[in-house]
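Novice: Starting off with a structure, shown below.
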Amino acid sequence: MTNPALTLNDFAALEASTDYRPHVVDDVQVSPFSQQQTNQYVVGRPASPSFMRTNVVGVRILELLNGQRSIEQLQTEMQQRYGIEVSIEKIRHFCDLCARHRLLVHETWANTTPDSEDAPRLGRRSGFYWTLIRGDSFIERIVAWQRWWWNPVTWLLMLGLLGVGLTYIVTKGVMLVSPLMLAHPDASKHLIFWLFGLFLVEIATHELAHAVACRMAGAKPAGFGMGLLWWFIPIFFTDTSDIYRVPSKYRRASVAAAGPLVDALWFGVVASLLWLLPRDSLAYEIAFAYSGIPALLCLINLNPFVSRMDGYWIITNLLEQPNLRRRTVRNIVNNIRGWFGAAPIIDPLSEQQSGRWQWAYNMYALVSLLWTVFFMFNIGFHFASYGFTILRMYAAAL
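Below is the structure:
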């Protein structure tokens, strides 16, 4: 059996770990991760947007991190007090993970940072993201009016809109066109600005739905923002990381599903207008030109193979597998390393899967990687192509 691969930083931390007495911060909170899996917990701080998942062994280690025990003493105490055998290496990596999540008092462990400094990056950066507004009071007001918009009458209305949208797709799906097919340089400038305005409103309601669903589930959203996924795809997002404090996988999944549900309702509204409005009206032209956007947004967001899409969060919550993409990719990388006799890469956020789940992890990783490459190329190409087209159309309309 080979020893796990260590980086130079890991080796330095290994040599110095005997000099540290890790001390957990006072405001750390531990809550159940699942109602079904009683051995899983979420650990975090109230003011921090990041959390980590651990089992009862991790919770027991946290209870012993009082700043008075070395790594060797922690190992001995775990065995004597709880009857748990845990290696020094695992304790060290657990403390490293706690330090990255700012769960340890500064300078009681390697790589800790004071609260006055920016939080360390917890994983590989997949783009740039900026939180723009919080909107706490607005969200609280909407939740306070919940009985007016979340009741049996509105449920029936939503079911009706979803039914209308589905019927339209089945009967007239070929008529779903990109607005660019109608928004040509000779088109009315009102059409172009209406399409852009409707798109922004739909995005706003999509993200607001995530925030409201998060608050209704018992968690607190941490604001709205925008960013560049993979450094070139503009996206909008809602920070709902606090939902991991809620021990219900269905509530967590419902927060992720709230956005695509709004897109589907938008499509239902547009489909209803297309059936009700006269064909020669400007409103019909706008609705027809916009008809493909809600359906496309819904399908893109429900994709479970692209990280940071709503479909990905839905499946990770239902399977109760946080960091699913990272776990599966790391799993297949370690398998490949094993074929060549190389040591596996240690990652405290990842774990090797065996038995019947091994093939599922490998299959998901392969499909996810291939689909992501296709998605990036396709979206990037069309974004650049359509972006120049839109700029030309706006220039002509003005």
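Sequential numbering of the sequence shown, starting at 58, is according to the working numbering. Cβ atoms here follow ideal geometry from the backbone N, Cα and C, with glycine treated the same way.
1) Quick check on the DSSP output: the alpha helix (DSSP H) that includes Phe-324 runs from which residue to which?
2) Please state if the CB of Pro-278 and the CB of Thr-295 are separated by a distance shorter than 8 Å.
3) Which value, in whole angstroms, describes the spacing of the CA atoms of Arg-204 and Glu-377?
4) Is Tyr-418 near Asn-391, with beta carbons less than 8 Å apart?
5) Looking only at its chain, what residues have a beta carbon closer than 7 Å to the beta carbon of Asp-76, apart from the 5 residues adjacent to it on each side?
6) Which term fits Asp-320, buried or exposed, when burial requires 16 or more other beta carbons within 10 angstroms of its beta carbon?
7) Can you tell which of Tyr-186, Gly-275 and Ala-167 has its C-alpha closest to the C-alpha of Phe-289?
8) Would you say Leu-108 and Pro-304 are within 8 Å of each other, going by their C-beta atoms?
9) Have a look at the DSSP bridge pairing and note the partners of Phe-185.
10) Determine the extent of the beta strand (DSSP E) in which Met-109 is found, giving its start and end residues.
11) Using 8 Å as the threshold, is the C-beta distance between Ala-313 and Asn-374 below it?
12) What is the C-beta distance between Trp-323 and Glu-259, in whole angstroms, given that I count them as a contact (C-beta under 8 Å)?
13) Rounded C-beta distance between Val-467 and Gly-124? I'm assuming under 8 Å.
14) Quick one: what does DSSP say Asn-435 is sitting in, helix, strand or coil?
15) Looking at the strands, I want to know which residues DSSP matches up with Leu-456.
16) Pick out whichever of Ala-270, Phe-445 and Tyr-341 has its Cα sitting closest to the Cα of Asp-299.
17) Roughly how many angstroms separate the alpha carbons of Leu-213 and Met-273, rounded to a whole number?
18) Cutting at 6 Å between CB atoms, please list the residues of its own chain near Ile-292, excluding the five before and the five after it.
19) Find the nearest neighbour of Cys-118 within the set Pro-103, Leu-160 and Pro-106, judged by alpha-carbon distance.
20) Would you report the Cα separation of Thr-169 and Val-81, rounded to the nearest angstrom?
21) For Gln-137, which residues of its own chain have a beta-carbon under 7 Å away from its beta-carbon, when the five flanking residues on both sides are left out?
22) Taking Leu-223 as the reference, give the member of Val-326, Ala-201, Met-135 and Arg-309 with the closest Cα.
23) Can you give the Cα-Cα distance for Thr-228 and Ser-338, rounded to whole angstroms?
24) In this structure, does DSSP put Phe-294 in helix, strand or coil?
25) Which word fits Phe-345, buried or exposed, when buried means at least 16 other C-beta atoms lie within 10 angstroms of its C-beta?
26) Do Phe-151 and Gly-115 have their CB atoms nearer than 8 Å?
27) Quick check: is the beta carbon of Thr-165 nearer than 8 Å to any beta carbon in chain D?
28) In angstroms with no decimal places, state the Cα-to-Cα distance between Gly-395 and Pro-209.
29) Mind checking which residues open and close the alpha helix (DSSP H) that includes Tyr-369?
30) Below 8 Å on the Cβ atoms is my guess for Gly-280 versus Ile-199; work out the distance and round it to an integer in Å.
31) Which class does Gln-86 belong to by DSSP, given the choice of helix, strand or coil?
32) Which same chain residues end up closer than 6 Å to Phe-362 when comparing Cβ atoms and leaving out the 5 residues on each side of it in sequence?
33) To which residues of the same chain is Met-366 closer than 8 Å at the C-beta, ignoring the five residues directly before and after it?
Specialist: Short version:
1) Here the question's residue 324 lines up with position 267 in the sequence shown. Counting along the chain, the alpha helix (DSSP H) containing Phe-324 begins and ends at 306–333.
2) If you number the sequence shown from 1, residue 295 lands on position 238. If you number the sequence shown from 1, residue 278 lands on position 221. Cβ atoms of Thr-295 and Pro-278: closer than 8 Å.
3) Locating residue 204 in the sequence shown gives position 147, where the first residue counts as 1. Locating residue 377 in the sequence shown gives position 320, where the first residue counts as 1. Cα-Cα distance, rounded: 31 Å.
4) Translated into the one-based positions of the sequence shown, residue 418 becomes position 361. Translated into the one-based positions of the sequence shown, residue 391 becomes position 334. No. Outside cutoff.
5) What you label residue 76 is simply residue 19 of the sequence shown in a count that begins at 1. There are no such residues.
6) Walking along the sequence shown from the start, residue 320 turns up at place 263. With 16 or more Cβ atoms within 10 Å of its Cβ, Asp-320 is classed as buried.
7) In the sequence shown, counting from the first residue as 1, residue 289 sits at position 232. For the options Tyr-186, Gly-275 and Ala-167, the alpha carbon positioned closest to that of Phe-289 is the one of Tyr-186.
8) Along the sequence shown, read from residue 1 onward, the residue named residue 108 stands at position 51. Along the sequence shown, read from residue 1 onward, the residue named residue 304 stands at position 247. For the record, residue 108 in the displayed sequence is Phe; it is not Leu. In this structure, Pro-304 does not lie closer than 8 Å to Phe-108 by Cβ.
9) One-based indexing of the sequence shown puts residue 185 at position 128. Beta-bridge pairing links Phe-185 to Leu-285.
10) The sequence position of residue 109 within the sequence shown is 52, counting from 1. If you look at Met-109, you'll find it in the beta strand (DSSP E) that goes 108–112.
11) Along the sequence shown, one-based indexing puts residue 313 at 256. Along the sequence shown, one-based indexing puts residue 374 at 317. With respect to Asn-374, Ala-313 sits close: the two C-beta atoms are nearer than 8 Å.
12) Counted from its first residue, the sequence shown places residue 323 at position 266. Counted from its first residue, the sequence shown places residue 259 at position 202. With 8 Å as the limit, Trp-323 and Glu-259 qualify as a contact, their Cβ atoms being about 5 Å apart.
13) Nothing about residue 467 can be reported from this structure: the residues present for the chain run from 58 to 455 only.
14) Taking the first residue of the sequence shown as 1, we reach residue 435 at position 378. In the structure shown, Asn-435 sits in a helix (DSSP, three-state: H, G or I).
15) Residue 456 lies beyond the stretch modelled for the chain, which goes from 58 to 455, so this question has no answer here.
16) Here the question's residue 299 lines up with position 242 in the sequence shown. Of the candidates Ala-270, Phe-445 and Tyr-341, the one whose C-alpha sits nearest the C-alpha of Asp-299 is Ala-270.
17) Residue mapping note: residue 213 aligns to position 156 of the sequence shown, counting from 1. Residue mapping note: residue 273 aligns to position 216 of the sequence shown, counting from 1. Their Cα atoms are separated by approximately 20 Å.
18) If you number the sequence shown from 1, residue 292 lands on position 235. Cβ contact annotation for Ile-292 (same chain, cutoff 6 Å, sequence separation greater than five): Gly-284 and Leu-286, in chain order.
19) The sequence position of residue 118 within the sequence shown is 61, counting from 1. According to the sequence displayed, residue 118 carries Ile and not Cys. Of the candidates Pro-103, Leu-160 and Pro-106, the one whose C-alpha sits nearest the C-alpha of Ile-118 is Leu-160.
20) Start at 1 with the first residue of the sequence shown, and residue 169 comes out as number 112. Start at 1 with the first residue of the sequence shown, and residue 81 comes out as number 24. If I take the Cα positions, the gap works out to 11 Å.
21) If you number the sequence shown from 1, residue 137 lands on position 80. Nothing meets the Cβ criterion.
22) Residue 223 sits at position 166 when you count from the first residue of the sequence shown. It is Val-326.
23) Indexing the sequence shown from 1 puts residue 228 at position 171. Indexing the sequence shown from 1 puts residue 338 at position 281. Thr-228 and Ser-338 have their C-alpha atoms some 22 Å from each other.
24) Numbered from its first residue, the sequence shown carries residue 294 at position 237. If DSSP states are grouped into helix, strand and coil, Phe-294 belongs with the strands.
25) As a working note, residue 345 is residue 288 in the sequence shown. Phe-345 comes out buried.
26) Position 94 of the sequence shown, counted from the start, is the residue given in the question as residue 151. Position 58 of the sequence shown, counted from the start, is the residue given in the question as residue 115. The answer is yes: Cβ separation under 8 Å.
27) Annotation note: the requested chain D is absent from the structure, which comprises a single protein chain.
28) Taking the sequence shown and counting its residues from 1, one reaches residue 395 at position 338. Taking the sequence shown and counting its residues from 1, one reaches residue 209 at position 152. Taking the straight line from one Cα to the other gives about 56 Å.
29) As a first step, residue 369 must be located in the sequence shown, where it is residue number 312. Taken as a continuous stretch (DSSP letters only), the alpha helix (DSSP H) holding Tyr-369 covers 367–375.
30) In the sequence shown, the residue the question calls residue 280 occupies position 223. In the sequence shown, the residue the question calls residue 199 occupies position 142. Between the beta-carbon of Gly-280 and that of Ile-199 there is about 15 Å, and that puts the pair past the 8 Å contact cut.
31) The residue you call residue 86 lines up with position 29 of the sequence shown. Residue state, collapsed to three classes: strand.
32) For this step, residue 362 is matched to residue 305 along the sequence shown. So the list reads Val-424, Ser-425 and Trp-428, once near-sequence residues are dropped.
33) For the purposes of this step, residue 366 is taken as residue 309 along the sequence shown, with counting starting at 1. Result list for Met-366: Ile-357, Asn-358, Leu-359 and Asn-360, in chain order.
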